[in-house]
Amino acid sequence: MNSLAFPRGCSSPPLTRPSTSSRPTVPSQARIKIRPSSPRAAHCHPRVARNLSRTVAMAAAAAAPASSAKEVLPPSLTSSSEPPALFDGTTRLYVAYHCPYAQRAWIARNYKGLQGEIKIVGIDLADRPAWYKEKVYPENKVPSLEHNNQVKGESLDLVKYIESNFEGQSLLPDDSEKKQFAEELLGYTDAFNKALYSSIVAKGDVSDETVAALDKIEADLAKFNDGPFFLGQFSLVDIAYVPFIERFQIFFSDIKNYDIIKDRPNLQKFIEEVNKIDAYVQTKQDPQFLLEHTKKRLGIA
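Numbering-wise (this note's numbering), the sequence shown opens with residue 62 and increments by one.
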């Protein structure tokens, strides 16, 4: 895959905002604004503008329920930051606030109500502290989880680990058929991301591979009729996909003038309903900001 594609974990700031200070990149309803990302975008075809405005407005509208108290996140740690008191019994989830892989573990932590048990530690991927690789996680990626004097990584493994080792809202149903389907869907996540990313970086129209991947997801969302999510009810499968679906909806609308939910009512409903789940909404970033920095990363004017 192209070197700019989403890696299996974030080791650099691909397609995300590189933090340049220790200020926390905290999701904020006030920061989500509908504005052109460039002079070209300001004068684009009206249909393109409408599509982008609709996409960004949808994300903005779901940014934070009025009744939800926003978690105060710590500043991202940089090369000049001292490490926390490592392996002191505190459970820590190391993330980069704009990393979709880290977002998976972050959503799982929130959904299970573990804000008081798992402390978030932000890492600045553009200026990361040397001690993170030397003392915490030799892979030097996020996310990672410090728990019981061990550090574990890989986002999907962490979501499963959080589900198995902490109390709270279950992330998997008891139904054996749903559990089997969950494993199939989790095994497809990398192929899905690759199929969609390939069109983002390629010239021309959206590829048949991308359309087929989106159509597969549309069909998968219809397998169970007891809810709008992959297994009917919200689960770790939705957690695995939603950070990427969130980004691809924004990117395709602007970069390819392609609406990923057009003629896909199941995917549209999924996006609408997942944006009602506070555990996810708390982790969302400014969609226009993600778009601008992705285009900069890809060299798109």
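Just so you know, even glycine gets a beta-carbon here, dropped at the ideal spot from N, CA and C. Keep in mind that this is a model prediction, so the values were computed, not measured.
Check: Every unbroken beta strand (DSSP E) within the region 178-229, with a cutoff of 3 residues, ordered by chain; Outcome: 179-183, 205-208, 211-214
Check: Collapsed DSSP secondary structure at T344 in the structure displayed; Outcome: coil
Check: Neighbour flag for E279 against chain B, beta carbons, 8 Å; Outcome: This model lacks chain B altogether; it includes just one protein chain.
Check: Sub-8 Å separation of P204 and A166 beta-carbons; Outcome: yes
Check: The region 252-267 contacting the region 221-233, beta-carbon criterion three pairs below 8 Å; Outcome: no
Check: Beta-carbon separation (whole angstroms), L138 vs G183, contact threshold 8 Å; Outcome: 6 Å
Check: Test item: CB-CB of L154 and I179 under 8 Å; Outcome: yes
Check: V335 to Y341 span [Cα, whole Å]; Outcome: 7 Å
Check: First and last residue of the uninterrupted beta strand (DSSP E) at L154; Outcome: 152-156
Check: Length-filtered (4 minimum) alpha helix (DSSP H) runs lying within the region 267-296; Outcome: 269-281
Check: With 16 other Cβ atoms within 10 Å as the buried cut-off, status of Q241; Outcome: exposed
Check: For C71, the nearest candidate out of R170, G150, I168, A187 (CA to CA); Outcome: A187
Check: Rounded C-alpha distance that separates H159 from A273; Outcome: 27 Å
Check: One or two residues paired with C71 in a DSSP bridge; Outcome: V203
Check: Chain-order list of residues whose beta-carbon lies under 8 Å from that of F313 (same chain, five-residue window excluded); Outcome: L257, S260, I261, V267, Y319, D320, I321
Check: Chain-order list of residues whose beta-carbon lies under 6 Å from that of T250 (same chain, five-residue window excluded); Outcome: A301
Check: Which listed residue (F350, I181, L175) has its alpha carbon closest to that of P135; Outcome: I181
Check: Counterpart residues of L138 in DSSP-defined beta bridges; Outcome: I184
Check: First through last residue of the alpha helix (DSSP H) which encompasses G248; Outcome: 237-262
Check: Simplified DSSP state of H159, which is helix, strand or coil; Outcome: coil
Check: Cβ-based burial, A169 [other Cβ within 10 Å; buried from 16]; Outcome: buried
Check: Per-residue DSSP class, three states only, for D299; Outcome: helix
Check: Enclosing alpha helix (DSSP H) for F331 [first to last residue]; Outcome: 326-335
Check: Under 8 Å between C-beta atoms of Y198 and V212; Outcome: yes
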